[in-house]
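Residue numbers (the working numbering): 4 to 385. Ideal Cβ positions, reconstructed from N, Cα and C, are used throughout, including at glycine. The structure presented is a predicted model; accordingly, all values stated were derived computationally and were not measured. Worksheet: the structure to be examined is printed underneath.
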Amino acid sequence: MPLSSKLPNIGTTIFTVMSKLASDCRAINLSQGFPGFDCDPVLLELVSKYMKAGYNQYAPMSGVPVLRERLAQKTKLVQGVELDSESEITIVSGATEALFAAVAAVVRPGDEVILFDPAYDSYAPAVELNGGKPVFVPLKLPDFSVDWDLLKSVITASTRLIMVNTPHNPSGYVWTKEDVEILAGIIQETNILIVSDDVYEHITFDGRKHLSLLTHPVLRERTFICGSFGKTFHVTGWKIGYCLAPPKLTEEFRKMHQFITFSTATPLQYALADYLTEPTGYLDLPDFYQMKRDLFCEGLGDTPFVFTPAQGSFFQIVSYGHLTQESDYDLAVRLTREVGVASIPVSVFFSDKSDHKLLRFCFAKEDGELENALEKLMSIKL
Ligand SMILES: Cc1ncc(COP(=O)(O)O)c(C=O)c1O
4 MPLSSKLPNI GTTIFTVMSK LASDCRAINL SQGFPGFDCD PVLLELVSKY MKAGYNQYAP
64 MSGVPVLRER LAQKTKLVQG VELDSESEIT IVSGATEALF AAVAAVVRPG DEVILFDPAY
124 DSYAPAVELN GGKPVFVPLK LPDFSVDWDL LKSVITASTR LIMVNTPHNP SGYVWTKEDV
184 EILAGIIQET NILIVSDDVY EHITFDGRKH LSLLTHPVLR ERTFICGSFG KTFHVTGWKI
244 GYCLAPPKLT EEFRKMHQFI TFSTATPLQY ALADYLTEPT GYLDLPDFYQ MKRDLFCEGL
304 GDTPFVFTPA QGSFFQIVSY GHLTQESDYD LAVRLTREVG VASIPVSVFF SDKSDHKLLR
364 FCFAKEDGEL ENALEKLMSI KL
């Protein structure tokens with residue numbers, strides 16, 4: 004029986020490809036974005052406590068109330084924004100679900116959705132599966148900041164949504180207050196909505212602070228914030244995240260969530276609610292990751308790569324175009340096989356797969372593993 008794919012151009016993701024290659028070659032895997040260390044044992048004990056206490060049946064569709072309340076408290080503490088936990092917060096199965104449900108809630112066939120390029124790989128398929136048309140706006144290299152004139156030039160009467168990601172994967176660029184204000188100014192006379200992917204909200208460096216779009220009154224009423232406990236508490240395998248949005252948007256969002264997963268693992272929700280009572284878990288994260296970024300960048304200084312230390316996220320981009328014209332994909336594969344360190348070729352994040360001779364390394368790893376990787380990278384021949 005012939006089957007025509009709804010996503011004909013999507014194959015196995017590069018993350019799976021590189022992680023498998025890393026494992027086959029016994030290389031140090033700095034490709035996929037997940038921590039190479041476990042979470043706080045306290046969090047594990049809390050999950051186990053709630054499982055043993057019988058919290059094992061379906062959670063409420065929107066999330067357990069106590070976790071939504073704790074998230075409201077966190078948002079007040081960190082961003083100074085008051086949220087109603089009943090009508091503005093939904094717990095979901097990872098930021099990936101939040102992103103998909105937000106897009107599904109508002110994008111209709113023919114709508115245009117602006118994506119900054121390069122972008123995380125789930126955005127364009129989410130748009131396409133809902134009948135929308137991705138419109139790509141290239142970010143400015145080398146710092147991956149937004150070209151606002153270009154953004155303005157692609158807005159049409161069909162523009163429904165703009166998808167934002169700060170701190171940005173793969174570059175680590177962190178939006179400034181000025182960025183937030185310019186975006187608000189551009190869309191305030193339109194009906195354009197925003198989906199903001201804030202999964203690295205607690206990973207910013209050198210005194211920078213993640214500024215939620217909810218802090219701006221124009222954006223507050225039209226933005227879905229998608230967050231991930233996985234990234235913040237080193238538990239990416241739990242696939243648990245959240246969506247913060249004003250009541251009308253949340254209402255539509257929940258209609259999607261209801262039929263995508265309905266609800267999210269109950270004991271994880273109670274455990275995270277308890278864990279959030281102590282803010283150090285997320286307030287200490289910038290220092291924790293900045294030490295890793297600094298360790299990694301210091302070592303990179305002894306390699307032929309050129310780079311600017313990341314502003315946020317747990318990724319570091321390096322450039323090698325001054326040394327060789329080898330494609331980033333070939334180089335990433337060769338580094339894995341010959342040097343023993345796996346990375347991600349940044350071309351995979353670009354809509355047209357353009358090769359800017361950049362590689363992305365994930366430094367969310369034990370210091371010893373980073374040191375071993377750096378030692379190997381010093382032997383690199385380009
Ligand atoms: C920018 C970005 N958004 C979303 C996700 C997915 O988050 P989650 O694992 O909570 O679904 C990732 C994970 O790598 C990411 O880097």
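Can you name, in chain order, every residue of its own chain whose Cβ lies under 6 Å from the Cβ of residue i, other than the five neighbours on each side?
i: Asp355; result: none
i: Phe103; result: Ala129
i: Leu196; result: Val109, Leu164 and Arg225
Can you list, in chain order, the residues of its chain with a C-beta nearer than 7 Å to that of residue i? Leave out the 5 residues immediately preceding and following it.
i: Thr16; result: Asp124
i: Phe40; result: His237 and Glu369
i: Ser382; result: Val342
i: Ile13; result: Pro128
i: Ser148; result: Leu142 and Tyr176
i: Glu329; result: none
i: Leu49; result: Ala274, Asp277 and Tyr278
When the distance is taken between beta carbons, is residue j closer than 7 Å to residue i?
i: Ser156; j: Glu115; result: no
i: Cys300; j: Gly36; result: no
i: Val167; j: His219; result: no
i: Phe227; j: Leu252; result: yes
i: Pro173; j: Phe308; result: no
i: Ala345; j: Ala25; result: yes
i: Ala105; j: Phe256; result: yes
i: Ala122; j: Val202; result: no
i: Ile190; j: Leu288; result: no
i: Gly244; j: Ala367; result: no
i: Phe139; j: Leu164; result: no
i: Gln314; j: Arg211; result: yes
i: Leu247; j: Ile92; result: yes
i: Thr239; j: Ala62; result: no
i: Ser266; j: Met64; result: yes
i: Leu377; j: Tyr323; result: no
i: Met21; j: Ser8; result: no
i: Ala75; j: Ser88; result: yes
i: Ser51; j: Lys242; result: no
i: Arg337; j: Ile347; result: no
i: Arg340; j: Cys28; result: yes
For my contact list, residue i and residue j are in at a C-beta cut-off of 8 Å; report their separation, rounded to the angstrom.
i: Leu361; j: Val321; result: 7 Å
i: Phe232; j: Gln293; result: About 21 Å separates the two Cβ atoms, so there is no contact after all.
i: Val67; j: Tyr278; result: No, Val67 and Tyr278 are not in contact; Cβ-Cβ is about 13 Å, not under 8 Å.
i: Leu222; j: Leu214; result: Leu222 to Leu214, Cβ: 10 Å. No contact.
i: Asp120; j: Leu154; result: With 8 Å as the limit, Asp120 and Leu154 do not qualify as a contact, their Cβ atoms being about 11 Å apart.
i: Tyr332; j: Ser350; result: 7 Å
i: Phe318; j: Gly230; result: In fact, because the Cβ distance is near 18 Å, the residues do not count as touching under 8 Å.
i: Leu70; j: Thr78; result: Actually they are not in contact, since the Cβ atoms of Leu70 and Thr78 sit about 13 Å apart, beyond 8 Å.
Using a Cβ-Cβ cutoff of less than 8 Å, which residues in the same chain neighbour residue i once the five nearest sequence positions on both sides are dropped?
i: Glu372; result: Ile31 and Gly39
Does residue i get closer than 7 Å to chain C when you measure Cβ to Cβ?
i: Thr253; result: Any reference to chain C falls outside this structure, which holds one protein chain only.
(request) Go through the residues and name those whose CB comes closer than 5 Å to any heavy atom of ligand 1, in chain order. (result) Those residues are Gly36, Gly97, Ala98, Thr99, Tyr123, Asn172, Asp200, Val202, Ser231, Gly233 and Gly244, given in chain order.
(request) Go through the region 89-167 residue by residue and report every complete run of the alpha helix (DSSP H) that reaches 4 residues or more, in order. (result) Taken in chain order, the complete alpha helix (DSSP H) segments of 4 or more residues contained in the region 89-167 are 98-109, 126-132 and 151-157.
(message) Give the list of continuous alpha helix (DSSP H) stretches no shorter than 4 residues that lie fully inside the region 162-197.
(response) Qualifying alpha helix (DSSP H) stretches, in chain order: 180-190.
(request) Jot down the residue ranges of each uninterrupted alpha helix (DSSP H) in the region 253-327, minimum 4 residues, whole runs only, in chain order. (result) Taking only runs of at least 4 residues, the alpha helix (DSSP H) segments lying wholly in the region 253-327 are 269-278, 283-286 and 288-303.
(message) Which runs of the alpha helix (DSSP H) at least 4 residues long sit entirely within the region 206-258? Give them in chain order.
(response) Whole alpha helix (DSSP H) segments, 4+ residues: 220-223 and 232-235.
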